[in-house]
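Novice: The listed protein sequences correspond, in order, to chains S and Z. At position 19 of the first sequence (counting the first as 1) the number is 26 in my numbering, and the numbers step up by one without a gap. At position 114 of the second sequence (counting the first as 1) the number is 125 in my numbering, and the numbers step up by one without a gap.
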Amino acid sequence: MSVTQETLENSELINWTIFQELLLMDEDEEGFAVSLVKTFVEQATGIFQEILDLLNVSSPSDDDLKRISSLGHYLKGSAAALGLQVVQQECERIQNYGNKINFDDYEPAATAKSSSDWVECIRSAYTNALEGYEKSKKLLSEFFDEEL
Amino acid sequence: MSLEDMADFKLETEPFGVSEVPSPPTKDVSVPKSSGTDFVKKLFQMLEENSYSDIVRWSDTGDSFIIADTNEFTKQVLPKHFKHSNFASFVRQLNKYDFHKVKISNELKQRYSIENVWEFKHPEFQRNNRDALENIKRKVTTKKDGDVSNASSNTVSISQFRNLQDNFGFLEKQNQSLTETVQKLHDDLNILNTKYNTMVSSFLTSKSINESYSRSISIIAKSLSQIGVDLPPLNLPFADQQSQTQNPHANGPVQTSVEPAQDSHQFISPPEASKVPQPQQQQPQQDNRIVRRPPGSGMHVLLVEDDDVCIQLCSKFLMKYGCTVEVVTDGLAAINVLEKVKFDLVLMDIVMPNLDGASATSVIRSFDMDTPIIAMTGNYQHQDLVTYLNHGMTDILAKPFTKHDLYMILEKHQIDKKLIYPVSDPFNPMNKTGNSQETPGQQQVVGSMSLENDSLQQKLDSEFQNSLKRQKLA
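1) Could you tell me if residue 22 of chain S is buried or exposed, where buried requires 16 or more neighbouring beta carbons within 10 angstroms of its beta carbon?
2) Which word fits residue 65 of chain Z, buried or exposed, when buried means at least 16 other C-beta atoms lie within 10 angstroms of its C-beta?
3) Which residues in chain S sit within 7 angstroms of residue 323 of chain Z, going by Cβ to Cβ distance?
4) Return no unless some Cβ of chain Z is closer than 7 angstroms to the Cβ of residue 28 of chain S.
5) Using 7 angstroms as the limit for Cβ to Cβ distance, is residue 25 of chain S near chain Z?
6) How is residue 281 of chain Z classed by DSSP in three states: helix, strand or coil?
7) Please look up how many angstroms separate the CB atoms of residue 69 of chain S and residue 131 of chain S, rounded, as I've assumed it's under 8 angstroms.
8) Does the Cβ-Cβ distance between residue 312 of chain Z and residue 329 of chain Z come in under 7 angstroms?
9) Ignoring anything shorter than 4 residues or poking outside the stretch 316–395 of chain Z, list the alpha helix (DSSP H) runs there in chain order.
10) According to a CB-to-CB cut-off of less than 9 angstroms, which residues of the stretch 47–63 of chain S neighbour chain Z?
11) Can you tell which of Z:347, Z:63 and Z:99 has the C-alpha that lies nearest to the C-alpha of residue 171 of chain Z?
12) Run down chain S in chain order and give the residues with a C-beta less than 7 angstroms from the C-beta of residue 389 of chain Z.
13) Where residue 18 of chain S and residue 220 of chain Z are concerned, what is the direct C-alpha to C-alpha distance, given to the nearest angstrom?
14) May I ask you to report which of helix, strand or coil DSSP gives residue 113 of chain Z?
15) Please report the distance separating the alpha-carbon of residue 72 of chain S from that of residue 105 of chain S.
16) Between S:36, S:74, S:147 and S:155, which has its C-alpha nearest residue 13 of chain S's C-alpha?
17) With H, G and I counted as helix, E and B as strand and the rest as coil, what does DSSP make of residue 247 of chain Z?
18) Using 8 angstroms as the Cβ pair cut-off and three pairs as the minimum, do the stretch 406–416 of chain Z and the stretch 385–396 of chain Z touch?
19) Suppose the cutoff is 7 angstroms on Cβ atoms and the five residues either side in sequence are ignored; what does the same chain contact list for residue 235 of chain Z look like?
20) With distances taken from CA atoms, which of Z:173, Z:135 and Z:359 is nearest residue 369 of chain Z?
21) Using only CA atoms, which one of S:46, S:114 and S:90 lies nearest to residue 320 of chain Z?
22) Go through its chain and collect everything with a Cβ distance to residue 322 of chain Z's Cβ below 6 angstroms, but skip five positions before and after it.
23) Quick check on this structure: which residue in Z:372, Z:247 and Z:402 has the alpha carbon closest to the alpha carbon of residue 230 of chain Z?
24) In terms of residues, what are the limits of the alpha helix (DSSP H) holding residue 408 of chain Z?
25) Excluding the 5 residues flanking residue 301 of chain Z on each side, which residues of the same chain have their C-beta closer than 8 angstroms to its C-beta?
26) First and last residue of the beta strand (DSSP E) that includes residue 10 of chain S?
27) First and last residue of the beta strand (DSSP E) that includes residue 130 of chain S?
28) Anyone know if the C-beta pair for residue 168 of chain Z and residue 103 of chain Z falls short of 7 angstroms?
29) What residues from chain Z crowd round residue 39 of chain S, counting only those whose CB sits closer than 7 angstroms?
30) Ignore the nearest five residues each way along the sequence and tell me which others in residue 336 of chain Z's own chain have a CB closer than 7 angstroms to its CB.
31) Might you give, ordered along the chain, the residues of its own chain that have their beta carbon closer than 7 angstroms to the beta carbon of residue 128 of chain S, omitting 5 neighbours on each side?
32) Taking 7 angstroms as the CB-CB cut-off, is residue 320 of chain Z touching chain S?
33) DSSP state of residue 313 of chain Z, grouped into three classes?
34) Quick one: what's got a C-beta closer than 6 angstroms to residue 305 of chain Z's C-beta in the same chain, skipping five residues either side?
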């Protein structure tokens, strides 16, 4: 089954309104959309790795959490710009949990006390974000018919 | 000198007793003899009595005397026998009578095992030789001879020197601490200056907000009175300025293309709409910055953003609307560029390395009050948005934004340039359907009123509701 506009539109992963604007930019510059997505993939790969490294620190300090939060914020912005809404949402969770804010009534976050508790919250959001990212990437690879 | 010897001297000197022996007249002495030779005699007498042999005594040879412990000498001997309050002054007196300090031989040092030993000598000052004392005279120095007094005034005694040294040390310390204080005050002043600048800019911001309120109230009042509602007099503080600051380009070709769509949302009659003042029209200040807008550019925009994806997308959008774009990636760089170059508009991310967008705006507002600075942010917290405004930001563009959101901001804050609005664009608000309809609709009402804080308020409300919705969804 090939991935078409309809697939993307119906996908929970992608905000079609935002993504469509991106595609329309190709009118002026051939391949602009796919090159932008590639830029994002490059960025995201690095940031996911950085977050993972910080999550695996044995006793994470508040500074580590802050750093994770700012990485989450950064990736959230890029993902939002492309309309990758699942990645965007999960990154927002990472950003908030890194600041020890339970902004979405997530139960483990409500009872989190130590930094390690928050790291576990972040880890959950991270797993979701990464999963959403891989799915989106696969979808877009097929849509553009180009390996991302 | 052995103890036996000393006992002998003591006996020998006994007959002289404590009483002062009248000194023979000394006609040529330049100093009154009472204070002059008395000193030497007192010294001689004391040594002959030898009552402080541990502290001061004749040397073995008898042609010099030794002070073995200057501390004890100062404590015990000086107060009793001399008027000198300290050792240095005593030594000075000796010098005046031409006594010389003798370098202490190692042999003696060893014998008394004391380092702090002083030995003084005068050719006429000898044990058992009271008569010779008459030959010891105060050095011819003072008062009578100008040359000599000059010579002596060029020399400084050791105690004076020490005093001066102490004074110098004290002054040096004082100077140092003063320098530190001055430096600290200087730093404090700098901090205060920065705060002052920030204060002034936020004050100006709130002033322009007040003006906007006044204008909007008076607009509302007018429309109400046109409908036929009776209103009490309002006495608005800035109402007078309203008629003067009319929007000179309200009927530009760009706006006319958008106007029809606005009508459905407007509650102001068309004649009023054309009179709407623009809050952006600040009094122009002297400006030496260069304009680097390329020919044909609709608007020259500075994009301050650290994310590659956003940079590429946003510049693309901007170029689509005929804008030219320069990009910097942090707040500090933005300040540097804006100090030199004048832009028509600044799009500013908030979270950035080096210096965040809000702080950068505060600084920029200290030298540039009129360039619109638009915060691009994904932050939906009420308080944050108010903070941005207080830092001098002109408006908010919520991230992620559509091309149309961006266009509305550009259109609202353009000064005298024509934006290219592609009418065939599927995102033209007239053609627009679907989930983002709500937002442009609100913005158009706002746009027609040109009230930046109204716009903010509505944006706040809509964003706040959005975030509530999203929380519920999550």
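For glycine and all other residues, C-beta sits at the position ideal for the given N, C-alpha and C.
Specialist: So, from the data block:
1) buried
2) exposed
3) 43 and 46
4) yes
5) yes
6) A caution first: residue 281 of chain Z carries a pLDDT of 38, below 50, which makes its placement in the model unreliable, though a value can still be read off. Here residue 281 of chain Z sits in helix by DSSP.
7) No, residue 69 of chain S and residue 131 of chain S are not in contact; Cβ-Cβ is about 20 angstroms, not under 8 angstroms.
8) yes
9) Whole alpha helix (DSSP H) segments, 4+ residues: 319–331, 342–351 and 368–376.
10) 47, 49 and 50
11) Z:99
12) 83, 84 and 87
13) 43 angstroms
14) Looking at residue 113 of chain Z - three-state DSSP - the assignment turns out to be strand.
15) 5 angstroms
16) S:147
17) coil
18) Under the 8 angstroms Cβ criterion, the stretch 406–416 of chain Z counts as touching the stretch 385–396 of chain Z, having at least three qualifying pairs.
19) 242
20) In terms of CA proximity to residue 369 of chain Z, Z:359 leads the group Z:173, Z:135 and Z:359.
21) S:46
22) 316 and 338
23) Here the closest residue by C-alpha is Z:247.
24) Not the alpha helix (DSSP H): residue 408 of chain Z falls in the beta strand (DSSP E), residues 406–409.
25) If we look at residue 301 of chain Z and ignore the five residues flanking it on each side, its Cβ neighbours are 351, 352 and 353.
26) From DSSP, residue 10 of chain S is part of no beta strand (DSSP E); its letter is neither H nor E.
27) First-last for residue 130 of chain S: 122–151, but that is the alpha helix (DSSP H), not the beta strand (DSSP E).
28) yes
29) 327
30) 312, 314, 326, 329 and 330
31) 104, 113, 115, 116 and 119
32) yes
33) strand
34) 335
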